[in-house]
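With the first letter of the sequence shown counted as 1, position 140 gets the number 129 in the working numbering; the numbers rise by one all the way through.
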Amino acid sequence: MTDYAFAKDLPAAFKALIAMWAVSLFWSGWAPYDRVTWWLEVAPCFIALVLMWWTRKTFELTTLLYWLIAVHGLILILGGAYTYARVPLGFWMQDWFGFTRNNYDKIGHFAQGFIPAMVAREVLIRKFAITRRGIVAFLSISICLGFSAFYEIIEWWSALIMGQGADEFLGTQGDPWDTQSDMFWALIGASCALLLLSRWHDRQMITMTSAGHEFN
């Protein structure tokens, strides 16, 4: 079966994700504020798309996860268009709540914990058959914090390689504790995802299998 023929059988949520990202990437990449920053910000979308396509036959995701990943991608794509420190939503929040900086990057890091936590949870339960809630939650949060720390290292490497050219990608806006607060928001995001969506996630995973796991 060709990839084209198989694409007809893709989950509707995955097709919607591809369509949304394609349109958004075209809009975002048409005239971004900074082209290098755009590539750095949207690169995770391309990586995720390749991974989801590559594993589509062996590890189809739940509908919930496809939609969460789609939203995360849109957050990244919007940040790539303007750079995180210049996204209009962040300025609106600054006016509404009296913030001293554009906090759109904190939305991005909250999502960096929220969505990867659910990805980690699904892989741990379905692929590794780890079903004890406490262990799954601990491992999911640990994976998210590890990923967040690795992303901060990538930002550091970018600064070393690009010098001042990496300022738009870093988006610290003069905050000396930006790295720490980024990781904190990822932790909050991961915790919120597990608290709010675990039951819903369980039901979706059970419907995908002929014999559902027991969640202790």
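Each residue gets a CB set at the ideal place from its N, CA and C atoms; glycine is no exception.
Best match in the options for proximity to residue i [C-alpha to C-alpha]
i	options	result
Ile7	Trp19, Gly87, Arg121, Ile36	Ile36
Leu57	Val25, Arg115, Ala179, Thr196	Ala179
Gly97	Leu186, Leu113, Leu67, Lys46	Leu67
Cys133	Trp19, Cys181, Thr198	Cys181
Ala126	Thr44, Leu185, Leu40	Leu185
His61	Trp189, Phe117, Ala106	Ala106
Thr196	Met41, Phe15, Glu49	Glu49
Pro21	Lys46, Arg45, Phe3, Tyr71	Tyr71
Ala118	Asp(-2), Ile150, Thr198	Thr198
Asp167	Arg90, Leu(-1), Arg115, Trp28	Arg90
Arg75	Trp27, Phe15, Arg122	Trp27
Met104	Trp19, Leu183, Ala11, Gly18	Looking at the sequence shown, residue 104 is not Met but Ile. Minimum Cα distance to Ile104 is reached at Leu183.
Ala59	Leu38, Gly135, Trp146	Leu38
Other residues of its chain near residue i: CB distance less than 6 Å, five sequence neighbours each side excluded
i	result
Ala5	none
Tyr140	none
Met172	Ser137
Trp19	none
Trp145	none
Ser17	Ile66, Gly69, Ala70
Contacting residues, own chain, Cβ-Cβ under 7 Å from residue i (five flanking each side not counted)
i	result
Met82	Phe88, Asn92
Glu63	According to the sequence provided, residue 63 is Leu. The question's Glu does not apply to it. If we look at Leu63 and ignore the five residues flanking it on each side, its Cβ neighbours are Met9, Ser13.
Ser187	none
Tyr207	The requested residue 207 is not part of the displayed model; the chain covers only -10 to 205.
Arg115	Met194
Trp43	none
Beta-carbon proximity check, residue i vs residue j, cutoff 7 Å
i	j	result
Ala100	Ser129	no
Gln193	Thr51	yes
Glu30	Gly69	yes
Beta-carbon proximity list for residue i, same chain, < 8 Å, skipping 5 on both sides
i	result
Arg24	none
Ala200	At Ala200, the pLDDT of 38 sits below 50, so the modelled position is not reliable and the matter cannot be decided from this model.
Pro77	Tyr71
8 Å contact criterion, which residue i and residue j should meet: CB distance rounded
i	j	result
Gly102	Leu176	6 Å
Pro33	Leu54	Rounded, the Cβ-Cβ distance is 15 Å, inconsistent with contact.
Met41	Phe3	7 Å
Arg45	Leu(-1)	7 Å
Any non-hydrogen atom of the ligand HEM within 6 Å of residue i CB
i	result
Trp19	As presented, the structure is devoid of all ligands, the ligand HEM included, so that no description of it is given.
Short CB-CB distance (under 7 Å) between residue i and chain D
i	result
Ser137	No chain D is part of this structure, which consists of one protein chain only.
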